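Each step along the sequence shown adds one to the number in my numbering, with nothing skipped, and position 235 is 1330.
Heads up, the beta-carbon is just placed ideally off N, CA and C, and yes, glycines get one too.
Everything numeric in this text was worked out from a predicted model, so none of it was measured.
To start, the structure under review is shown below, and the notes come after it.
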Amino acid sequence: MANTTVRGAVAIHGQNPQYLVESVIRNRIYESAYWKEHCFALTAETIIDKAIELKAIGGVYGNQKPTEFLCLLLKLLQIQPEKEILLEYLQADEFKYLRALAAMYIRMTFRPVDVYEVLEPLLKDYRKLRYRGMNGYSIIHMDEFVDSLLVDERVCDLILPRITKRDVLEDLGEIGPRKSRLLDAMEGKSEHGSDRSRSRSSDRRCISSEKNTNIHTEYDVLEAPGSPLAKGGHHVHPYNGARIINADSMQVYVGMDVITNKVPYGERCGVEHLLMDYKKPGEQLTGPEWIADAIKVIDETHARNQVPIVVGGTSYWIQHLIFPERMASLEKAGQDSADSDDQRPPSESLRNALAALPPEMLNLFDNLPEQAPIADEDPAMCHKLHDLLMSLDQLVAQRWHWRDSRKVLTSLRTIQENRRLASEVIAEQSQTIPTPRYRTLCFWLYAKPDILKPRLDERVNQMIEQGLLNEIRTLRAIASEGTATSTNGILSPTPNAEKRMDYTLGIYQAIGYKEFHDYLSSPSPSDAAFREAVEQMKLGTRRYAKRQVTWIRNKLLPAVNAANAASQAETGSPVVPTYLLDATELGDAWKNNVHGVAERITHEFLEGKALPDPKTLSPTAAEMLTVRERPTEYVYLTRSS
C-alpha cells in the first residue's frame, strides 16, 4: 500500500520513519491527488524522476494542500533509501530540487554528526530555489535552505527532530571543524551564484513624544537585546522629574529580574520607574490593558508637568500606543457582550461566505473557543479554525500558519465583532493615514550584526552567572502549582501544568524558560545538555533581535512615514520624527554617536526648532531608514495579545 513503510525499515528516532511527519499533515498528503496519482509505486530509483520534475520546495499552501516536495519527502521516509543512494542524490549537482529533497530527508533521519558532515558543504551552493508557501511563491537560496535545516526547529511546515549543536559535538570530540564526507566530491566544483552578505541586526528604539502641541512632553524608550538602551532613557531626559514607563512585556512581572534583564536599581539614576514589577508571574497582561495603563500614567505625568519616558522592547505595544486606530477590536475587547452591536447586518462578502459554509463550520464560527488551542496538544482544532478562516477570508488566512492559533482565532473574532471580513477591515484601514496619539520623537538604536551577535551571547553568559537558573526553577515551581492557561487575565490552575506549559503566555514567553526545560527536567542533567540549553537561549535571543528589526522596517516605519508625509504637507514639520542612532560601539563612541546626538535632537524637538533630516546622521541611518512604501494596515492586538 502507498501509505505504509517498506518492510524491514529501521526505526528512526525510535519510531516509524514516516511518523516524523506529524499525523495531520501526513493525512493531508495521503488525501492529495498528487500522492494518489504519482507516489503509489515509487522506489529509490524512480523517485529521482519525480524529484527532477519538481518546480519548488515547500510545505503546505492554499487550503492546507501539501506541496509535491512534501509528498516526495514522505515517500522517501517510507522507502528509506540506503545511505549511499542518498549521497548520490546530493552529488547530482545539476538537479537542485533533488538535492534539496535529499538534504531535508538527511536532516530528519541522520545522526547529528552525520547531518553536519553531510549538509555543511551545501552551504557553498548559492542557487535559487522557488519556495511555495501559504502566501504564494517566493525565492530563497540553497544555502539559506540548508542553514534553516541546521538551525531552525521547523522547515517546510514540519517539526524537525532535535539536533545537538555543533560546538557541543566539537567539545565532546565527536566532530571536527567543518569536515565532510562529501568534501572531496564538492571541492573543485564551481560555486553557484555569487557570495551574498545577509545582514542580521537588532534594533533599539527611543520614542519621545509631546502630547498634541503643548509643552508637555513624553518619551518612550524601547529596549531590546544587546544594547544598553535603558541607560539611554536616563540620558535623553532633559529635565528633572522625568519618569520612566516600562514597555517590556516581560518586565511587568514582580521579581525575575535576571531573565527579564531589568536595569538594576543602582543604574536607574534616581529616575522613577512605572509599570514595572506590578504583575505577579502567574498573571497575563494583554496589550490593550498595558496601553490603557500607559495612557493613564502619561496623562498623569503631563499633568504634573513632568517628562514621561516609555522604555521597553515590546514593539507592537509601542506602535499601538502611538497609532491607536491601528488596534484591531480594542474597543470591543473591553465591552460586555450585552453592549456589543451583534444585531448589525454582516457585509455582503461575509454574508456570502457564511452562506457557503457547511453546518459544522458555521457552528464553529458561532461558538469560537474562548482560548486558542495549543498546536502540539490539539492540532485538529487548530486546523479546523484555520480551515474556517480560509473558507471565510482567504486573504487573511494565508498570512497565518495553522499553528499560529492565537492569530487565527483573533482574525475570526475580528470578523465576528466587526460583522465584516477581516480583509475588508484591513483594506479600509489601509486607505486612511495613521494619526498618532502624541507628537512623537523616535530614536532607533541600531548595532551592526557582526558586533551585535557576540554582545548578545555575552549577555546570556552574564545572565547565567547572575542566577538565571534559580529564577527559572522558581517559574517552574509556579507552573507546577498550576498557571498554564489564561482565563480573564489569570493563568489558571491545570493538571500537570509544567508538562503542558503554553510558552506563548505571560512570563513563560521569556527567552530562557523553554530553552532550559529539558535540562532542568532531567534527573541527571549533563554538561552537554547544559551547553545545548545555553546555545538554544543564545539562538533565541538572536532571532528575537532579528524580528525586532523586521517589525520596525515592515510595520512601524511605513506608519511613521505616512503620518510624517501628511503632517509635512499640513504643517511643514513631521509629527513622528524618527532617527537611527549607531550603537555599534560603546564607550566614548556611545557618548558621541548615541548620547550626544540624542540629547541635541531632543532639545531641538522640545524647543520647536527645525530638526535634521534623519537619513543624514550616518550612512547606516540612510540605509536602514529607507523602506519601500507599504499599506499602513493595523496589526492585531486584542484581549489575548
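Taking the continuous beta strand (DSSP E) assigned at G1228, which residues delimit it? Locating residue 1228 in the sequence shown gives position 133, counting from the first residue. Where G1228 is concerned, the enclosing beta strand (DSSP E) stretches over K1223 to G1228.
Helix or strand or just coil, what does DSSP make of N1556? Along the sequence shown, read from residue 1 onward, the residue named residue 1556 stands at position 461. Residue state, collapsed to three classes: helix.
Here's a check: name, in chain order, each residue in its chain whose Cβ is nearer than 6 Å to the Cβ of R1494, leaving out the five neighbours to either side. Looking up residue 1494 in the sequence shown gives position 399. Answer for R1494: no residue qualifies.
Nearest CA to the CA of E1553: which residue from L1171, I1120, L1244 and N1356? Mapped onto the sequence shown, residue 1553 falls at position 458. E1553 has its Cα closest to that of N1356, out of L1171, I1120, L1244 and N1356.
N1688 - DSSP class collapsed to helix/strand/coil: Counted from its first residue, the sequence shown places residue 1688 at position 593. Looking at N1688 - three-state DSSP - the assignment turns out to be helix.
Collapsed DSSP secondary structure at C1166 in the structure displayed: Locating residue 1166 in the sequence shown gives position 71, where the first residue counts as 1. Correct three-state label for C1166: helix.
Are the Cβ atoms of L1416 and A1389 separated by less than 9 Å? Translated into positions along the sequence shown, residue 1416 becomes position 321. Translated into positions along the sequence shown, residue 1389 becomes position 294. Yes; because the gap between Cβ atoms is below 9 Å, this pair is in contact.
Alpha carbon to alpha carbon, what distance is there between I1696 and A1684? In the sequence shown, the residue the question calls residue 1684 occupies position 589. In the sequence shown, the residue the question calls residue 1696 occupies position 601. The C-alpha of I1696 is placed about 17 Å away from the C-alpha of A1684.
Quick one: what's H1236 bridged to in DSSP? Here residue 1236 corresponds to residue number 141 of the sequence shown, with the count starting at 1. DSSP lists K1223 as partners of H1236.
Pull up the distance between the alpha-carbon of R1218 and that of Y1192, whole angstroms please. If you number the sequence shown from 1, residue 1218 lands on position 123. If you number the sequence shown from 1, residue 1192 lands on position 97. Note on residue identity: the sequence assigns Leu, not Arg, to residue 1218. So the alpha carbons of these two residues sit roughly 15 Å apart.
What residue range does the alpha helix (DSSP H) around V1213 cover? By one-based count along the sequence shown, residue 1213 stands at place 118. P1207 to L1214 is the extent of the alpha helix (DSSP H) around V1213.
Inter-residue spacing [alpha-carbon to alpha-carbon] between Y1360 and I1559: In the sequence shown, residue 1360 corresponds to position 265, counting from 1. In the sequence shown, residue 1559 corresponds to position 464, counting from 1. Cα to Cα, the separation comes out at about 19 Å.
V1655, enclosing alpha helix (DSSP H) - first and last residue: As a first step, residue 1655 must be located in the sequence shown, where it is residue number 560. That run of the alpha helix (DSSP H) goes L1652 to T1666.
Tell me the rounded alpha-carbon separation between K1502 and A1139. On the sequence shown, position 407 is the one that residue 1502 refers to. On the sequence shown, position 44 is the one that residue 1139 refers to. K1502 and A1139 have their C-alpha atoms some 40 Å from each other.
Can you tell me the Cα-Cα spacing of T1509 and N1458, whole angstroms? Sequence index remark: in the sequence shown, residue 1509 carries index 414 (1-based). Sequence index remark: in the sequence shown, residue 1458 carries index 363 (1-based). For T1509 and N1458, the distance between alpha carbons rounds to 17 Å.
Taking the runs of the beta strand (DSSP E) that are 3 residues or longer, which of them lie wholly in the segment 1471-1541? Segments of the beta strand (DSSP E) lying fully in the segment 1471-1541: there are none.
Do you know offhand how far I1201's Cα is from G1228's? Here residue 1201 refers to the residue found at position 106 of the sequence shown. Here residue 1228 refers to the residue found at position 133 of the sequence shown. Approximately 22 Å, taken between the alpha carbons.
Beta-carbon contacts of R1498 that lie in its chain and below 7 Å, excluding the five residues immediately before and after: Position 403 of the sequence shown, counting from 1, holds the residue named residue 1498. Here the set comprises A1470 and C1477.
Check whether the segment 1150-1159 touches the segment 1181-1190, taking contact to mean three or more Cβ pairs, one atom from each stretch, closer than 8 Å. No, they do not touch.
Taking M1199 and C1251 to be in contact with their CB atoms under 8 Å, please state how far apart those CB atoms are, rounded to whole angstroms. Against the sequence shown, residue 1199 aligns to sequence position 104. Against the sequence shown, residue 1251 aligns to sequence position 156. Sure, about 7 Å apart at Cβ, within 8 Å.
CB-CB under 7 Å to P1669, same chain, minus the five flanking residues each way: which ones, in chain order? Counting from 1 along the sequence shown, the entry for residue 1669 is found at position 574. Excluding residues within five positions, the ones whose Cβ falls inside 7 Å are N1659, S1662 and Q1663.
Would you call the CB atoms of V1116 and L1253 closer than 9 Å? Counting from one through the sequence shown, the residue named residue 1116 turns up at place 21. Counting from one through the sequence shown, the residue named residue 1253 turns up at place 158. Yes. Within cutoff.
L1445 versus Q1511, G1667, L1172 and E1472, residue with shortest Cα-Cα distance: Taking the first residue of the sequence shown as 1, we reach residue 1445 at position 350. That would be Q1511, whose Cα lies nearest to the Cα of L1445.
Secondary structure at Q1401, three-state DSSP: helix, strand or coil? Indexing the sequence shown from 1 puts residue 1401 at position 306. Three-state result, Q1401: coil.
Mind pulling the beta strand (DSSP E) runs of 3 or more residues that sit fully within the segment 1349-1374? 1367-1369
Helix, strand or coil: how does DSSP classify R1249 here? By 1-based counting over the sequence shown, the position of residue 1249 is 154. Strand, per DSSP.
Contiguous alpha helix (DSSP H) assignments of at least 4 residues, all confined to the segment 1110-1179: As far as the segment 1110-1179 is concerned, its whole alpha helix (DSSP H) runs of at least 4 residues are 1118-1126, 1128-1133, 1142-1147 and 1163-1174.
Local Cβ density within 10 Å of Y1674, reported as buried at 16 or more and exposed below that: Reading the sequence shown from its first residue, position 579 is the one you call residue 1674. Per the 10 Å Cβ criterion, buried.
Determine the burial state of S1506: buried for a count of at least 16 other Cβ atoms within 10 Å of its Cβ, exposed for fewer. The residue labelled residue 1506 in the question sits at position 411 within the sequence shown. Classification for S1506: buried.
List the residues that DSSP assigns as beta-bridge partners of R1202. The residue you call residue 1202 lines up with position 107 of the sequence shown. DSSP, once it has assigned bridges, lists no residue as partnering R1202.
According to the Cβ coordinates, are S1518 and V1491 closer than 9 Å? Within the sequence shown, residue 1518 is the residue found at index 423, counting from 1. Within the sequence shown, residue 1491 is the residue found at index 396, counting from 1. Between S1518 and V1491, the CB-CB gap stays under 9 Å.
Compute the distance between the beta-carbons of R1123 and V1155, then report whether it is under 9 Å. The count along the sequence shown starts at 1 and reaches residue 1123 at position 28. The count along the sequence shown starts at 1 and reaches residue 1155 at position 60. In this structure, V1155 lies closer than 9 Å to R1123 by Cβ.
Top-ranked residue by Cα proximity to L1564, from V1520, D1613, P1544 and C1166: Walking along the sequence shown from the start, residue 1564 turns up at place 469. Closest option to L1564, Cα to Cα, is D1613.
Endpoints, the beta strand (DSSP E) within which I1339 is located: Walking along the sequence shown from the start, residue 1339 turns up at place 244. Segment R1338 to N1341, the beta strand (DSSP E) holding I1339.
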